[in-house]
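Visitor:
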């Protein structure tokens, strides 16, 4: 059990503590780069593809961990870093965790990271107009928030630097993230009534993120819920959710998907419900599923289609 400063705990597998050795497989890496200076957590690793001259399109990875633990280089980020084998620069970021700062600090950090990459595109040989984001769990929530708040200055803290640069992203892939803090419990009860046999986890991590309960400040929960922040300028999105997720009810993904279609049409939004997959299930990290993510990124960021992917090499861990 891992417990944060608010006394809220979740079960954490040993895998969450295992770090990847990216320098063994990629020739050019920039590790622990500071994208802002308000916290030790505001750092990113930038991994440049071994092949090609660039400039490269970028995929920003946002790690999970219930908003209060996790790391940009732990083993759960492997799937995102593997995109660098197929021609994408990957920037995997840390952000202020809920034990150190409450909402909206986390989205401020994510947007500051995007601005930093644009401001330093020449140094890192990356494209400023081809920035996508991939996140899982808490990171999936933050990835969705990045997408739905394109062009929304109230979700930025420009004092963190590079204020003259945009934080807009051009594509979002989100894995098992929260879309609706307001109705999470209603969704859980609905699925149980419809015959789900397992119990949903109720760990209180949302209160830890917000620094208050929903009863105390409902508007804050609305401000952090992607489904209530959707606008016409949303980028293309890939939504992947497991139907046996005990943490985030998959009904949230369906409702978000349907609302996207109502606002922006169905051309640029895609949903995959992984039958029987749980929260953080290995089904998301198979080569087959990584290829799905690559096809999505290729369409909107690389602007190529129908290319053949090589078998995905594994990234070693630090022992």
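Residue numbers (full-length UniProt numbering): 1 to 319.
Yeah, the Cβ is synthetic: ideal placement off N, Cα and C, and Gly gets one too.
Can you tell me which of the three DSSP states residue 64 falls into?
Guide: In this structure, residue 64 counts as coil in the three-state DSSP scheme.
Visitor: Thinking just about the alpha-carbon of each residue, which of 206, 100, 172 is nearest to the one in residue 133?
Guide: Among 206, 100, 172, the Cα nearest to that of residue 133 is on 172.
Visitor: Under 8 Å by Cβ, that's how I've got residue 222 and residue 256 pegged, so tell me the actual separation to the nearest angstrom.
Guide: Rounded, the Cβ-Cβ distance is 14 Å, inconsistent with contact.
Visitor: With C-beta atoms as the reference, is residue 58 less than 8 Å away from residue 131?
Guide: Taking 8 Å as the Cβ cut-off, residue 58 and residue 131 qualify as a contacting pair.
Visitor: Assuming residue 72 is part of the alpha helix (DSSP H), what are its boundary residues?
Guide: Per DSSP, residue 72 belongs to no alpha helix (DSSP H) and is neither H nor E.
Visitor: For residue 56 versus residue 125, is the C-beta spacing smaller than 8 Å?
Guide: In contact: residue 56 and residue 125 (Cβ atoms closer than 8 Å).
Visitor: Measuring CB atoms only, is the region 101 to 108 touching the region 146 to 165, in the sense that at least three cross pairs come out at less than 8 Å?
Guide: Touching, yes, given that three or more Cβ pairs across the two stretches are closer than 8 Å.
Visitor: Enumerate in chain order the residues of its own chain whose CB-to-CB distance from residue 291 is below 7 Å, with the five nearest sequence positions on each side excluded.
Guide: Here the set comprises 309.
Visitor: Apart from the five residues just before and just after residue 139, which ones in its own chain have a Cβ nearer than 6 Å to its Cβ?
Guide: Only 62, 63, 64 meet the Cβ criterion.
Visitor: Buried or exposed, going by whether 16 or more other CB atoms sit within 10 Å of the CB of residue 96?
Guide: Buried: at least 16 other Cβ atoms inside 10 Å.
Visitor: Taking residue 39 as the reference, which of 285, 264, 99 has the closest Cα?
Guide: Looking at the Cα atoms, 99 is the closest of the given residues.
Visitor: Pick helix, strand or coil for residue 108, following the three-state DSSP scheme.
Guide: It is helical.
Visitor: Excluding sequence positions up to five away, which residues of its chain have a Cβ less than 7 Å from the Cβ of residue 86?
Guide: Contacts found: 294, 309.
Visitor: May I ask you to report which of helix, strand or coil DSSP gives residue 286?
Guide: Three-state result, residue 286: coil.
Visitor: Give the DSSP-derived three-state secondary structure of residue 100 in the structure shown.
Guide: Residue 100: coil per DSSP, three-state reduction.
Visitor: Check for me: the alpha helix (DSSP H) holding residue 141 runs from which residue to which?
Guide: Looking at the DSSP string, the run of the alpha helix (DSSP H) that includes residue 141 is 138 to 148.
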